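Asks: Protein sequence lines correspond, in order, to chains C and E.
Numbering of the first sequence is given in this note's numbering, commencing with residue 40 and proceeding in unit increments.
Numbering of the second sequence is given in this note's numbering, commencing with residue 224 and proceeding in unit increments.
Ideal Cβ placement from N, Cα and C applies to all residues, glycine included.
If you're wondering where the values come from, they're calculated on a predicted model, not measured in any experiment.
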Amino acid sequence: METLREKTSGEVFINGLSVDKDKDQNEIKKIIGIQLQAAGFYPNLHLDELIELFAGLYNVDIDPDELLKLVDLNEKKKSKFKELSGGQKQRFSICTTLINEPKIIFLDEPTTGLDPQARRNLWELIQRIKSKGTTIMLTTHYMDEAEILCDRVGIIDNGKIITIDTPDNLIDELVRNGFERPKQVKLASLEDVFINLTGHAIREN
Amino acid sequence: MDKNYSQIRAMLSLTKASLTALMRNPSAVVFNLVFPLIFIIVFGFIGGSGFKIDVVIEKNSDTLNPVYQELIKSSTIRVNKDLDDVKAMSELEKGRIDAIIKIEKDPAGQSVIFLKTTKASPERGSILKMIVNEIVDKQNLAMSDLKIPKTELKEEVVEGRKFKTIDFILPGQLGFSLLSAGVFGTAFIFIGLRQTLVIKRFFSTPVKKVYIILGECLSRLIFSIFTSLIIIVIGYFFFGFTLVNGFVTFFNMMIMSAIALIVFLGFGFVVSGIAKNESAVPSIANLITLPQFLLAGTFFPISNFPEWLQPVSRALPLTYLNEALRKISFEGASLFDVRYDILIMAAWGIVVYALAVKVFKWE
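1) Residues in the stretch 393–425 of chain E with C-beta within 9 Å of chain C's C-beta atoms, listed in sequence order?
2) Closest to valine 265 (chain E) by C-alpha separation, out of E:Ile389, E:Asn545, E:Ser557 and E:Tyr434, would be which residue?
3) Thinking C-alpha only, which one of E:Lys310, E:Leu544 and E:Asp321 is nearest phenylalanine 274 (chain E)?
4) Output needed in chain order: residues of the stretch 210–234 of chain C with a Cβ under 8 Å from some Cβ in chain E.
5) Judging by CA-CA distance, which residue of E:Ala331, E:Phe462 and E:Val309 is the nearest neighbour of lysine 387 (chain E)?
6) Give every residue of the same chain whose Cβ lies closer than 7 Å to the Cβ of glutamate 230 (chain C), excluding the five residues on either side of it in the sequence, and list them in chain order.
7) Taking the alpha helix (DSSP H) that asparagine 208 (chain C) belongs to, which residues open and close that run?
8) Under 8 Å between C-beta atoms, does phenylalanine 80 (chain C) make it to chain E?
9) Decide yes or no for the touch test of the stretch 215–222 of chain C against the stretch 192–205 of chain C: beta carbon pairs closer than 8 Å, at least 3 of them.
10) Are the Cβ atoms of leucine 416 (chain E) and leucine 484 (chain E) separated by less than 8 Å?
11) How big is the Cα-Cα spacing for lysine 142 (chain C) and leucine 123 (chain C)?
12) Report the three-state DSSP secondary structure of isoleucine 70 (chain C) (helix, strand or coil).
13) Compute the beta-carbon to beta-carbon distance between threonine 341 (chain E) and leucine 315 (chain E), rounded to the nearest angstrom, for a pair I have assumed lies under 8 Å.
14) Strictly by DSSP, which residues pair up with threonine 178 (chain C)?
15) Any beta carbon from chain C within less than 8 Å of serine 557 (chain E)'s own beta carbon?
16) Taking 8 Å as the limit between beta carbons, can you name the residues of its chain near valine 290 (chain E), skipping five residues before and five after?
17) Let's see if you can read the secondary structure: which residues bound the alpha helix (DSSP H) around serine 557 (chain E)?
18) Note the first and the last residue of the continuous beta strand (DSSP E) segment covering leucine 338 (chain E).
19) From the beta carbon of tyrosine 97 (chain C), is the nearest beta carbon of chain E less than 8 Å away?
20) Three-state secondary structure (DSSP) at leucine 315 (chain E)?
21) Suppose contacts are defined by Cβ-Cβ distances below 8 Å. Is asparagine 475 (chain E) in contact with serine 557 (chain E) by that definition?
22) From what residue to what residue does the alpha helix (DSSP H) around aspartate 360 (chain E) run?
23) Tell me which residues share the same chain as methionine 224 (chain E) and place their Cβ nearer than 7 Å to its Cβ, disregarding the 5 neighbours each side in the sequence.
24) Counting only beta-carbon atoms, is alanine 498 (chain E) nearer than 8 Å to chain C?
25) Classify methionine 224 (chain E) as helix, strand or coil using the three-state DSSP reduction.
26) Considering only residues of the same chain and omitting the five flanking positions on each side of methionine 479 (chain E), which have a CB-CB separation below 8 Å?
27) Any idea if isoleucine 181 (chain C) is buried or exposed, counting beta-carbon neighbours within 10 angstroms, 16 or more meaning buried?
28) Compute the Euclidean distance between the alpha carbons of valine 582 (chain E) and serine 250 (chain E), then round it to the nearest angstrom.
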């Protein structure tokens, strides 16, 4: 769907454009934004220079400051990517997917390896982007993340989508079928304890 | 969304980014600028002393003899007065000095010059023998009654441009700079970009592959032209490097540098295609660059090598760059005059790029 790999079977349409046609592929690239898992950026460049580079690659005019402010990184604009913390790296990575004002962005396990504060901070950012009407395609291994962020969840097993629905519907259906948790759920989780003790503030340094 | 997407604009922004990154990369600056300048300085000073033959004159020699006076005056001979006779003999055997001379006057009034040379430095020995012979002949002639010599040597030295060490060293260092920029610079950066998925991220933008390559090449071309310019300017103003026709010569050298860099970039692409990861780059890249640095007349003239080795030198592309640069800078050759050198480099370029297309990996 990201046009980076050959598809094995079936048909994919992005905004009515087929990924099979070379001509359409280029049009698709213009309306999507991709955040690759663990992707690096051009070495030795500052964040604002990286944004200018991508602005050139997408042929758009943007103000790097404004975009960095959106992800709370405008104070870091003269830093290099590798000098950022894990959460900042992911925020910057998402920031670069927004440069071409895409209709759809793809996020590949954006919160993997982040501490609870940074993770919640990233959720807020994703919800902010979502509220502006951008479609977000997110892959994750964390079901709590999917439950909070997603309107529709597809579960893939062995390369096949085995179910796709809203999180509420999926849970309701399971409960309807007589499922019960072996242990009564407490009103708070250990993560809530952690956040409660260490505070919501995100720790960058 | 803008319908007329400009690949050129995308390429230029990549060039700008790549150039900014290059300027911040200490190893690029050191390899392309600092190393060549250090070599120029070092070789520039070594070359300055000229050719000297070290001679010890034995202590009990007849220093009033005219031959002695002539030897002292000679610009080619450096007379060492500090060594005693025993020490001098052992130094001679090691080749640290080239000859020992003893001047004796026997009771009959005849002068005898004893010349002891060493197998450790035979060439200098035979040159010294010629010099001493000439002095002796002159003395004999002066003493004889023969006022008009039977045979006479008329010597004429043709006026020529003085070929300084810098005129040999600087073009070689320019070649060194261009080759290392082309091979090391490209190989490291492309493997790095491949491994950190930077290239994959570029692919998700509408820019075409070929423009990614062109953008990178363009930035290296600009960077190398800039470093070449600095090397030539420093050589010209501080070391008296000869630019025969002034600006035209300079301009031709820059064109030549650009052609060479394009060929050498091809080697860089091949290396980045062959090497599995970054740590494999230096060994493969050195395999390509080191023999050329040594054999292509970068530091020593090719004619210094044994005959069986010279065809190898004659096969290397850097040889032709070095030769062309020297012809341009010292003989004032035009680009048309060095067309064969350019042609051979172009042939290398075709071979290398054909190979690069085969082995180059995007992911």
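Replies: In this structure, then:
1) Answer set for the stretch 393–425 of chain E: Ile412, Gly415, Leu416, Gln418, Thr419, Leu420, Val421, Lys423, Arg424 and Phe425.
2) Sequence index remark: in the second sequence, residue 265 (chain E) carries index 42 (1-based). Checked all of E:Ile389, E:Asn545, E:Ser557 and E:Tyr434; the closest Cα to valine 265 (chain E) is E:Ile389.
3) What you label residue 274 (chain E) is simply residue 51 of the second sequence in a count that begins at 1. Of E:Lys310, E:Leu544 and E:Asp321, the residue nearest in Cα terms is E:Asp321.
4) none
5) Position 164 of the second sequence holds residue 387 (chain E). Sorting E:Ala331, E:Phe462 and E:Val309 by C-alpha distance to the C-alpha of lysine 387 (chain E) places E:Phe462 at the top.
6) Stepping through the first sequence from its first residue, residue 230 (chain C) is reached at position 191. Correct list, in chain order: Pro155.
7) What you label residue 208 (chain C) is simply residue 169 of the first sequence in a count that begins at 1. Unbroken alpha helix (DSSP H) run through asparagine 208 (chain C): 206–215.
8) For the purposes of this step, residue 80 (chain C) is taken as the residue at position 41 of the first sequence. Taking Cβ atoms only, chain E reaches closer than 8 Å to phenylalanine 80 (chain C), which makes this a yes.
9) In short, these stretches do not touch, since the Cβ pair count stays below three.
10) Residue 416 (chain E) sits at position 193 when you count from the first residue of the second sequence. Residue 484 (chain E) sits at position 261 when you count from the first residue of the second sequence. Cβ atoms of leucine 416 (chain E) and leucine 484 (chain E): not closer than 8 Å.
11) Position 103 of the first sequence holds residue 142 (chain C). Position 84 of the first sequence holds residue 123 (chain C). Those two C-alpha atoms are separated by around 28 Å.
12) By one-based count along the first sequence, residue 70 (chain C) stands at place 31. Three-state result, isoleucine 70 (chain C): helix.
13) Position 118 of the second sequence, counted from the start, is the residue given in the question as residue 341 (chain E). Position 92 of the second sequence, counted from the start, is the residue given in the question as residue 315 (chain E). Threonine 341 (chain E) to leucine 315 (chain E), Cβ: 5 Å. Contact.
14) Translated into the one-based positions of the first sequence, residue 178 (chain C) becomes position 139. According to DSSP, threonine 178 (chain C) bridges with C:Asp147.
15) Position 334 of the second sequence, counting from 1, holds the residue named residue 557 (chain E). It does not: the Cβ of serine 557 (chain E) has no partner Cβ on chain C nearer than 8 Å.
16) To locate residue 290 (chain E), count along the second sequence from 1; it is residue 67. Within the same chain, valine 290 (chain E) has close Cβ partners Ile326, Ser334, Ile336, Val355, Ile358, Val359 and Gln362.
17) Position 334 of the second sequence, counting from 1, holds the residue named residue 557 (chain E). Note, serine 557 (chain E): premise wrong, no alpha helix (DSSP H); not H, not E.
18) Translated into the one-based positions of the second sequence, residue 338 (chain E) becomes position 115. Counting along the chain, the beta strand (DSSP E) containing leucine 338 (chain E) begins and ends at 334–340.
19) Within the first sequence, residue 97 (chain C) is the residue found at index 58, counting from 1. Answer yes: the Cβ-Cβ gap between tyrosine 97 (chain C) and chain E drops below 8 Å somewhere.
20) Along the second sequence, read from residue 1 onward, the residue named residue 315 (chain E) stands at position 92. Reduced to three states, the DSSP call for leucine 315 (chain E) is helix.
21) For the purposes of this step, residue 475 (chain E) is taken as the residue at position 252 of the second sequence. For the purposes of this step, residue 557 (chain E) is taken as the residue at position 334 of the second sequence. Taking 8 Å as the Cβ cut-off, asparagine 475 (chain E) and serine 557 (chain E) qualify as a contacting pair.
22) Within the second sequence, residue 360 (chain E) is the residue found at index 137, counting from 1. Looking at the DSSP string, the run of the alpha helix (DSSP H) that includes aspartate 360 (chain E) is 345–366.
23) Working through the second sequence from its first residue, we reach residue 224 (chain E) at position 1. Unreliable positioning characterises methionine 224 (chain E) in this predicted model, as indicated by a pLDDT of 43, which lies under 50. The coordinate reading is nonetheless provided below. Contacts found: none.
24) On the second sequence, residue 498 (chain E) is found 275 positions in, with the first residue counted as 1. For alanine 498 (chain E), the answer is no, since every Cβ of chain C falls outside 8 Å of its Cβ.
25) Start at 1 with the first residue of the second sequence, and residue 224 (chain E) comes out as number 1. Because methionine 224 (chain E) carries a pLDDT of 43, less than 50, the predicted location of this residue cannot be relied on, and the following value inherits that uncertainty. If DSSP states are grouped into helix, strand and coil, methionine 224 (chain E) belongs with coil.
26) Translated into the one-based positions of the second sequence, residue 479 (chain E) becomes position 256. Closer than 8 Å at Cβ, skipping near neighbours: Leu544, Ala547, Leu548, Ile551, Leu558, Val561 and Ile565.
27) Here residue 181 (chain C) refers to the residue found at position 142 when the first sequence is read from its first residue. What sits at residue 181 (chain C) in the sequence shown is tyrosine, not isoleucine. Counting Cβ neighbours within 10 Å, tyrosine 181 (chain C) comes out exposed, since fewer than 16 surround it.
28) Here residue 582 (chain E) corresponds to residue number 359 of the second sequence, with the count starting at 1. Here residue 250 (chain E) corresponds to residue number 27 of the second sequence, with the count starting at 1. In a straight line, the C-alpha of valine 582 (chain E) is about 26 Å away from that of serine 250 (chain E).
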